[in-house]
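Colleague: Numbering (our numbering), first residue to last: 526 to 766.
Here's a structure for you.
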Ligand code: HEC
Ligand code: HEC
């Protein structure tokens with residue numbers, strides 16, 4: 526749950542930004558949709574102005590994510606296929622803003638193309654005084670999914686074996702993704718986000734909805750991971766790619 530004291534500040538900030546974007550005059554049935562750069566201004570509040578992510582809001586780096594993958598995820602959030610589970614506070618935050626897409630295919634395609642064109646690995650956001658934003662969440666999220674509980678730091682060598690046997694088919698031997706099989710590029714995703722998604726897939730928080738044909742395939746794979754340690758190992762390898 527979000528602590529009462531920080532909730533108003535967080536959401537006041539969000540709403541101010543959403544207000545700016547929704548004030549734009551693009552009817553929901555527009556054939557051209559809202560331009561990607563304009564809509565993205567509201568995404569940057571959580572995902573960072575250059576798509577570099579913001580860990581304190583649990584929002585992953587999305588710069589360079591394939592447009593076909595982003596479009597599918599945005600649809601999943603809109604349709605309630607992703608981001609509805611009570612344990613999934615980050616996903617529910619993303620689901621909160623889906624009204625901005627106005628269910629408009631062109632708008633979704635525009636912002637997805639904009640994200641794909643962003644250069645991955647942009648600098649972390651800093652405050653006007655040059656100080657970096659802290660990594661800690663501004664609210665308490667008391668959940669087993671808030672952190673990975675591995676007993677030791679990830680072992681990239683052990684992780685490489687797992688990756689090549691269990692993951693490479695759909696995400697590519699180099700983690701660059703496989704559009705034909707629907708597995709997206711993993712190399713630019715932050716370690717903490719990958720950890721959470723693997724736990725979500727494993728535990729039926731993501732990829733359990735029968736409409737989620739791609740997520741269901743991934744969920745079957747995540748269930749092959751023995752424990753949190755094996756997750757940490759495979760992530761340690763992905764981080765070397
Ligand atoms: C209130 C904060 C917030 C805002 C604003 C926000 N997002 Fe997100 N978004 C998140 C969080 C948190 C996640 C991760 C959800 C999870 O962990 O499952 C996410 C996930 C995503 C994903 C899936 C990433 C992946 O690798 O699967 C996409 C795509 C995305 N957001 C696009 C957008 C776009 C486009 C906008 C702007 C129109 C936007 N987001 C605005 C918080 C936000
Ligand atoms: C049978 C094909 C397949 C295999 C094998 C597979 N994946 Fe996936 N994976 C997918 C698909 C498809 C998606 C996209 C799901 C969606 O669209 O929601 C995905 C999504 C993911 C995501 C979420 C990405 C994001 O941006 O949110 C992660 C992390 C991931 N896979 C890691 C792995 C790891 C690690 C392995 C090996 C243990 C693995 N996958 C094996 C098909 C596969």
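In this text, a Cβ means the ideal position worked out from N, Cα and C, and glycines have one as well.
Just so we're clear, the structure is a prediction, and the values are computed from it rather than from any experiment.
1. How should residue 660 be labelled, buried or exposed, when 16 other C-beta atoms within 10 angstroms of its C-beta is the threshold for buried?
2. Out of 708, 599, 646, which one is the CA nearest neighbour of residue 622?
3. So, helix, strand or coil for residue 607, using DSSP?
4. Ligand 3 and residue 692: does the residue's C-beta get closer than 6 angstroms to at least one heavy atom of that ligand?
5. With three or more C-beta pairs closer than 8 angstroms as the rule, is the stretch 733-744 touching the stretch 643-663?
6. Buried or exposed for residue 724, going by 16 or more other Cβ atoms inside 10 Å?
7. For the stretch 702-740, which segments carrying the alpha helix (DSSP H) assignment without a break, of at least 4 residues, lie completely within its bounds, in sequence order?
8. Cβ-heavy atom distance between residue 618 and ligand 2 below 6 angstroms?
9. Quick check: the stretch 687-698 against the stretch 572-580, are there 3 or more CB pairs under 8 angstroms?
10. If I follow the unbroken alpha helix (DSSP H) through residue 699, where does it start and stop?
11. For residue 642, which residues does DSSP report across the bridge?
12. By a C-beta neighbour count over all protein chains shown, 10 Å radius and 16 as the cutoff for buried, is residue 749 buried or exposed?
13. Identify, in the order they occur along the chain, each residue of the same chain with its Cβ nearer than 7 angstroms to the Cβ of residue 559, setting aside the five sequence neighbours on each side.
14. With a cut-off of 8 angstroms on the beta carbons, I'd call residue 564 and residue 625 a contact; round off their distance for me.
15. State buried or exposed for residue 694, treating a residue as buried only when at least 16 other CB atoms are found within 10 Å of its CB.
16. Taking 7 angstroms as the cut-off, decide whether the C-beta atoms of residue 757 and residue 671 are in contact.
17. Could you check how far apart the C-beta atoms of residue 603 and residue 684 are, in whole angstroms? I think they sit under 8 angstroms.
Modeller: In short, the structure shows the following:
1. Its Cβ having fewer than 16 others within 10 Å, residue 660 is exposed.
2. Closest by alpha carbon: 599.
3. It is coil, neither helix nor strand.
4. In terms of ligand content, the structure shown lacks ligand 3 and carries ligand 1 and ligand 2 instead.
5. No, they do not touch.
6. Buried.
7. The qualifying runs are 716-727.
8. Not under cutoff, so the answer is no.
9. No, because fewer than three Cβ pairs between the stretch 687-698 and the stretch 572-580 fall closer than 8 angstroms, the two stretches do not touch.
10. From DSSP, residue 699 is part of no alpha helix (DSSP H); its letter is neither H nor E.
11. According to DSSP, which records beta bridges pairwise, residue 642 is partnered with nothing at all.
12. Around the Cβ of residue 749, a 10 Å sphere holds fewer than 16 other Cβ atoms; the residue is exposed.
13. Short of 7 angstroms from the beta carbon of residue 559, and not among the five residues preceding or following it, lie these beta carbons of its own chain, in chain order: 549, 551, 632, 635.
14. At roughly 7 angstroms, the Cβ-Cβ gap stays under 8 angstroms, so residue 564 and residue 625 are in contact.
15. An exposed status is given to residue 694, since fewer than 16 other beta-carbon atoms sit within 10 Å of its beta-carbon.
16. Contact annotation: residue 757 and residue 671 have beta-carbon atoms that are not nearer than 7 angstroms.
17. Between residue 684 and residue 603 the Cβ distance is about 34 angstroms, and since that is not below 8 angstroms, they are no contact.
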